[in-house]
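In the numbering used here, the protein residues as written are 3 to 290.
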């Protein structure tokens, strides 16, 4: 069983003199929030803090966060795209000395506080967006062109916010949709929420989605018994197939299998990055 403590040891947080120097320090703050350690797919861990109680007492930034649809609309009007990645972006912003004690978090044996902007604070996103606006304004003013190692310069299409953007328009990102189509059919309310959340993110590509998932949303009610019917599964599979819209210019792969109990098949398509994305699934039980 993976626990916060085992992940904590992997992060070397028990010895801040190593990779955490300059990010956190020992604290004597009267405040304390619980630690949340999240494993990364690439290895290592991400240290976050559950600031739920602190966030309730904080005034939210009035700086508006751009809507995803508005951002994608602006990007789709481009012809050439450049992408830049900031390593540990929040941790590059120094915390104000008056707020540092408020960020204190507890491990099994010690109390620490953040010297940099922590993940989990409701004020962090607005503050980071403001910093990024100021950064790009300064770069434009002085005609500076950053080229960090992870940058992509002059691309004809780009992946951003779960979508692929090009002069031809905006479409769901292949890798994201592939992960969505590979999700198992939900067996409880939590899994159903996760699935519907993923579909909702691409609702503009799914005509009449709200009406089509209405039978599924009734299962989210507390008093409703969770019975996922075959018709509900079929509705989900149709929506998943539509979200994985195909491109006729790329090769397809058809996989089929059959037995005495039933048969099934998967239609997949190669993506520009070499990955394979499911387009549609079919299956049926055979009669005795």
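Where is the CB? At the ideal position from N, CA and C, for every residue including glycine.
- Secondary structure note for residue 160: it is in no alpha helix (DSSP H), and the uninterrupted beta strand (DSSP E) holding it is 160-162.
- Around the beta carbon of residue 70, fewer than 16 other beta carbons sit within 10 angstroms, so the residue counts as exposed.
- Three or more pairs of CB atoms, one per stretch, sit closer than 8 Å, so the stretch 225-236 contacts the stretch 179-193.
- Sequence-distant Cβ neighbours of residue 133 in its own chain, meaning closer than 8 Å and more than five residues away, are 95.
- Under the 10 Å beta carbon count, residue 185 is surrounded by fewer than 16 other beta carbons and is classified as exposed.
- Less than 9 Å divides the Cβ of residue 182 from the Cβ of residue 200.
- Excluding residues up to 5 positions away in sequence, 103, 106, 113, 114 and 115 lie with their Cβ nearer than 8 Å to the Cβ of residue 29 in the same chain.
- In this structure, the straight-line span from the alpha carbon of residue 209 to that of residue 273 is close to 24 Å.
- Using a 10 angstroms sphere on the CB of residue 157, the tally of other CB atoms stays under 16, which defines it as exposed.
- Within the stretch 72-99, the runs of beta strand (DSSP E) that reach at least 3 residues and sit entirely inside it are, in chain order, 83-85.
- Cβ neighbours of residue 60 within its own chain (closer than 8 Å, five residues either side excluded): 123, 124 and 125.
- Residue pairing from DSSP leaves residue 226 without any beta-bridge partner.
- With a 10 Å radius around the Cβ and a threshold of 16 neighbouring Cβ atoms, residue 165 comes out buried.
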